[in-house]
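S.K.: 11 is the number that the UniProt record's numbering gives to position 11 of the sequence shown; each next residue is one higher, with no gaps. I am attaching a structure below and will ask some questions about it afterwards.
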Amino acid sequence: MLLVNQTGTQLNTTASNWWEEVPRVITDILTMKANILTAGPLELAANAIDALCTSTLFIGRVPPQITPDIKKIHFQYMTPCYNYSVPLLDAQKLWQHSKFSKKRKVVILATGWTNTVNDSAAVSMISKAFMCRRDVNFVIVDAAYYVDTLYKWSALNTDLIGEYIAVGLTHLIKLTPLKNIHLIGHSLGAHIMGNAGRTFKRLTGGRLVPRITGLDPAKPCFRRDKQALPGLQRGDAQLVDVVHTNIGILAKRGPLGDVDFYPGGAHPIQPGCLTIGCSHTRAVEYLAESAYSGQESHFLGIKCKSWDELRRRDCTAGSTSSMGYVIDTAARGIYYVDVNGWPPFGRNLKGSSVKDPRTRHCYLCQASS
């Protein structure tokens with residue numbers, strides 16, 4: 001069968017090498033210009049890929065797995081003056097580094113399949129934001145080539161990266177309080193961090209990471225049934241919060257966490273975006289904007305009683321919570337967030353001195369850094 005949608009995206013679903021075709025289709029979707037008219041066909045294409053992936057897992061017709069070379073997967077500690085990188089299983093060397101402050105909070109980001117540490121504008125944006133805070137140790141899980149190959153569809157091995165991260169965390173909590181750790185994952189990285197949380201719980205006899213933030217968690221292959229791969233879910237941390245920006249196409253539609261934020265409402269295209277990739281990346285940009293000191297309340301979420309209220313953007317539950325780096329840890333349920341189509345994206349602005357995070361230079365190296 002040949003899947004063809006109105007945008008021209010095609011997938012030969014009976015070909016023995018269909019796994020090899022998926023990256024091309026996903027790339028087409030990422031770069032395709034989209035609007036309210038094309039979003040429907042694109043979602044159909046994404047649903048077909050998702051269903052095929054899950055059914056293929058069920059009958060065991062998967063390509064040979066790419067076993068990650070642990071030596072090529074790193075924790076990378078980002079500072080204004082330098083980056084320090086160590087293999088995941090040598091994590092204790094990073095935690096014991098002289099520049100790594102045991103008193104600061106620790107934010108660890110796992111990137112998505114289209115990002116690498118060295119070439120992603122989105123990763124650069126969020127790195128600068130956390131380096132500007134000066135009260136956070138910011139670490140990226142640099143899976144580099146391996147993460148890029150996951151959607152050739154060896155997504156099965158996301159679990160392995162999560163397990164490696166969890167082992168690193170068991171070393172970290174010997175030096176810094178568990179309460180200071182915050183895991184963040186974008187796209188596939190969200191599911192990697194979900195498994196890191198589950199594995200950490202198993203390795204530590206039931207202890208939970210305080211918080212995991214999922215930024216537009218990837219959709220294909222990660223469904224809520226026995227045949228699918230286990231993805232980010234409630235219970236992976238004390239608090240699981242999720243930001244949804246490309247629902248139903250490259251990312252999950254329904255709620256996954258304790259609290260789920262929907263900027264722009266129940267629609268796959270974010271305000272101001274012309275491509276699907278733009279919408280998928282907006283979750284990272286929103287978090288980056290909220291991470292700057294003084295901008296933690298830029299994004300105000302309004303609780304919705306139902307999905308229908310979210311769809312109509314008419315939420316009446318009454319309670320609110322900030323979305324992003326700082327949230328109300330007691331918040332539960334689904335929240336609608338009104339956003340701008342251009343920076344600053346948050347509409348709950350305080351004062352007139354708010355600047356586009358992309359123009360800020362507080363991350364630059366200083367002698368004291």
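For each residue, glycine too, the CB sits at the ideal point set by N, CA and C.
CA-CA distance, residue 323 and residue 338?
M.R.: So the alpha carbons of these two residues sit roughly 11 Å apart.
S.K.: Considering only C-alpha positions, which residue in the set 94, 194 and 166 is nearest to residue 256?
M.R.: Checking every option, the nearest Cα to that of residue 256 belongs to 194.
S.K.: Using DSSP's beta-bridge definition, name the partner residues of residue 76.
M.R.: For residue 76, which the question treats as bridged, DSSP gives the partners 85 and 140.
S.K.: If we call anything under 8 Å between Cβ atoms a contact, is residue 280 one with residue 216?
M.R.: Against a cut-off of 8 Å, the Cβ pair of residue 216 and residue 280 comes out as a contact.
S.K.: Specify, as a first and last residue, the run of the alpha helix (DSSP H) that residue 168 falls within.
M.R.: Per DSSP, residue 168 belongs to the alpha helix (DSSP H) from 158-172.
S.K.: Near residue 342, which residues of its chain fall below 8 Å by C-beta distance, leaving aside the five closest residues on each side in sequence?
M.R.: Here the set comprises 272.
S.K.: Spatial neighbours of residue 179 within its chain, please: CB distance less than 6 Å, with the 5 preceding and 5 following residues excluded, ordered by chain position.
M.R.: Cβ within range, chain order: 210.
S.K.: If I measure Cβ to Cβ from residue 261 and keep anything under 6 Å in the same chain, skipping five residues before and after, which residues do I get?
M.R.: If we look at residue 261 and ignore the five residues flanking it on each side, its Cβ neighbours are 243, 301, 323, 335 and 337.
S.K.: Using DSSP's beta-bridge definition, name the partner residues of residue 186.
M.R.: Beta-bridge pairing links residue 186 to 215.
S.K.: Please classify residue 188 as buried or exposed, where buried requires at least 16 other C-beta atoms within 10 Å of its C-beta.
M.R.: Burial call: buried.
S.K.: Rounded to a whole number of angstroms, what is the C-alpha to C-alpha distance between residue 106 and residue 362?
M.R.: Cα to Cα, residue 106 sits roughly 19 Å from residue 362.
S.K.: Which stretch, first to last residue, makes up the beta strand (DSSP E) that contains residue 320?
M.R.: Taken as a continuous stretch (DSSP letters only), the beta strand (DSSP E) holding residue 320 covers 320-322.
S.K.: Less than 8 Å between the C-beta atoms of residue 169 and residue 161, yes or no?
M.R.: No, Cβ-Cβ distance for residue 169 and residue 161 is not below 8 Å.
S.K.: On the CB-based measure, 16 or more other CB atoms within 10 Å of its CB, does residue 318 come out buried or exposed?
M.R.: Flag for residue 318 reads exposed.
S.K.: My output table needs one value for residue 277: the three-state DSSP class, helix, strand or coil.
M.R.: In this structure, residue 277 counts as helix in the three-state DSSP scheme.
S.K.: Taking the straight line between their C-alpha atoms, what separation do you get for residue 138 and residue 305?
M.R.: Taking the straight line joining both Cα atoms gives about 36 Å.
S.K.: Need the endpoints of the beta strand (DSSP E) that residue 241 sits in, please.
M.R.: Looking at the DSSP string, the run of the beta strand (DSSP E) that includes residue 241 is 239-243.
S.K.: Which of helix, strand or coil does DSSP assign to residue 128?
M.R.: It is helical.
S.K.: Relative to the C-alpha of residue 202, which candidate in 167, 213 and 177 has its C-alpha closest?
M.R.: When each option's Cα is compared against that of residue 202, the closest is 167.
S.K.: Is the beta carbon of residue 88 sitting closer than 8 Å to the one on residue 164?
M.R.: Contact: yes.
S.K.: From the DSSP output, in three-state form, read off residue 209 for me.
M.R.: Three-state DSSP puts residue 209 in coil, outside helix and strand.
S.K.: Hey, would you say residue 173 sits closer than 8 Å to residue 141, going by beta carbons?
M.R.: In this structure, residue 141 does not lie closer than 8 Å to residue 173 by Cβ.
S.K.: Can you give me the C-alpha to C-alpha distance between residue 290 and residue 347, rounded to a whole angstrom?
M.R.: Rounded to the nearest angstrom, the two C-alpha atoms are 11 Å apart.
S.K.: Using 8 Å as the threshold, is the C-beta distance between residue 296 and residue 326 below it?
M.R.: Yes, the Cβ-Cβ distance between residue 296 and residue 326 is below 8 Å.
S.K.: How about residue 84: is its C-beta nearer than 8 Å to some C-beta of chain B?
M.R.: Absence of chain B from the displayed structure is noted, only one protein chain being present.
S.K.: Under DSSP, the beta strand (DSSP E) around residue 232 begins and ends at which residues?
M.R.: Run containing residue 232: none; DSSP gives neither H nor E here.
S.K.: Beta-carbon within less than 7 Å of residue 204's beta-carbon, same chain only, minus the 5 sequence neighbours each way: which residues are those?
M.R.: The residues are 170.
S.K.: Check each candidate in 104, 73, 82 and 294 and name the one with the smallest Cα separation from residue 91.
M.R.: Among 104, 73, 82 and 294, the Cα nearest to that of residue 91 is on 73.
S.K.: Based on DSSP bridge pairs, tell me the residues matched to residue 263.
M.R.: Partner(s): 337.
S.K.: I need the boundaries of the alpha helix (DSSP H) containing residue 91, first residue and last residue.
M.R.: Note, residue 91: alpha helix (DSSP H), 91-95.
S.K.: Here's the rule: buried if 16 or more other CB atoms are within 10 angstroms of the residue's CB, otherwise exposed. What is residue 293?
M.R.: Under this definition residue 293 is an exposed residue.
S.K.: Does the beta-carbon of residue 366 have 16 or more other beta-carbons within 10 angstroms, so that it is buried, or is it exposed?
M.R.: It counts as exposed.
S.K.: Mapping the DSSP letters down to three states, classify residue 121 as helix, strand or coil.
M.R.: It is helical.
S.K.: For residue 207 and residue 94, I'd like the C-alpha separation in whole angstroms.
M.R.: Answer to the nearest angstrom: the Cα atoms are 22 Å apart.
S.K.: Mapping DSSP to helix, strand and coil, what is residue 179?
M.R.: Helix.
S.K.: Per DSSP, which residues does residue 300 bridge with? Please list them.
M.R.: Paired residue(s): 322.
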